[in-house]
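**Student:** Read in order, the letters of the sequence shown correspond to residues 31 to 206 in our numbering.
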Amino acid sequence: MSSSLLPVPKDLAITWSNASMSGDISTDLLNRDFLLENPLLSCVMVSLFSDRIAPDILNSAEKSIGISPSGNAANAFQKPRKGWWADSLGTDQIGSRLWQLQRILKANKSSVLLEVQAVVYEALMWMIDKGVAQSINVVAGWVAGNTDAVSFSVSIEQPRTSGADNFTFQLAWNNL
């Protein structure tokens with residue numbers, strides 16, 4: 031049997047809500063079933079929109095845009111480190127640190143865009159490490175007409191495929 035005749039695998043569809051800033055598994059109420067989609071999109075959404083634990087020490091780029099260090103036992107409620115509890119059990123980390131960018135200073139706008147790109151790439155790097163992706167490219171830019179919103183595009187090329195899958199997302203912050 032030719033590999034081109036094999037069905038493309040599907041994954042549970044995740045629908046994003048801008049109002050609640052959360053994703054949920056999508057259902058087809060009429061047919062009482064789950065909706066399915068590209069499994070790569072599911073991987074990207076979980077990787078980007080789950081909160082990764084904040085690092086103990088910030089690098090100079092993170093400090094320059096005003097990301098503040100996370101808390102310790104004494105002030106954990108004011109500055110939580112977030113993250114998934116099982117991340118402490120292994121070397122792999124789930125999610126991204128996009129949540130930390132809610133506290134950034136936009137004085138140097140190009141630095142902010144570089145940090146968005148770095149944080150997104152960091153969250154997706156596991157795909158290259160595990161052989162899911164051959165290459166990942168991230169480009170971020172300010173949304174035209176909205177100084178509090180960043181748009182970023184993710185292009186992922188998988189091994190043994192022609193072309194790349196492209197995904198675009200936007201993040202908006204209040205009081206920046």
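Glycine is no exception: its CB is placed at the ideal position from the N, C-alpha and C atoms. All figures in this text were calculated on a predicted structure; none of them were measured in a lab.
Quick check on the burial criterion: 16 or more other C-beta atoms within 10 angstroms. Buried or exposed for Ser118?
**Tutor:** exposed
**Student:** Are Ala153 and Gly175 close, meaning C-beta to C-beta below 8 Å?
**Tutor:** no
**Student:** Cutting at 6 Å between CB atoms, please list the residues of its own chain near Val38, excluding the five before and the five after it.
**Tutor:** Residue placement at Val38 cannot be trusted, given a pLDDT of 49 that sits under 50; what the coordinates show is reported in the next sentence. Once the five neighbours on either side are set aside, Val38 has no close Cβ partner at all.
**Student:** Using DSSP's beta-bridge definition, name the partner residues of Val184.
**Tutor:** Val168, Phe197
**Student:** Helix, strand or coil: how does DSSP classify Asp117 here?
**Tutor:** Correct three-state label for Asp117: helix.
**Student:** Within 10 Å of its beta-carbon, does Ile166 have 16 or more other beta-carbons around it, so buried, or fewer, so exposed?
**Tutor:** buried
**Student:** Exposed or buried, Ser77, counting other C-beta atoms within 10 Å across all chains shown (16 or more means buried)?
**Tutor:** buried
**Student:** Strictly by DSSP, which residues pair up with Ser126?
**Tutor:** Asp81
**Student:** How many angstroms separate the CA atom of Met187 from the CA atom of Asn61?
**Tutor:** This sequence places Glu at residue 187; Met is not what is there. Their Cα atoms are separated by approximately 34 Å.
**Student:** Under three-state DSSP, which class holds Ala179?
**Tutor:** If DSSP states are grouped into helix, strand and coil, Ala179 belongs with the strands.
**Student:** Look at Asn150 and Val180 and say whether their C-beta atoms are less than 8 Å apart.
**Tutor:** Sequence inspection shows Val at residue 150; the Asn mentioned does not correspond to that position. No; because the gap between Cβ atoms is not below 8 Å, this pair is not in contact.
**Student:** Can you tell me whether Ala170 is buried or exposed? The criterion is at least 16 other CB atoms within 10 Å of its CB, across all chains shown.
**Tutor:** That one is buried.
**Student:** According to DSSP, Ala202 sits in a beta bridge with which residue or residues?
**Tutor:** Looking at the DSSP output, Ala202 sits in a beta bridge with Ala179.
**Student:** When you compare only the Cα positions, how much space is there between Phe197 and Ile87?
**Tutor:** 31 Å
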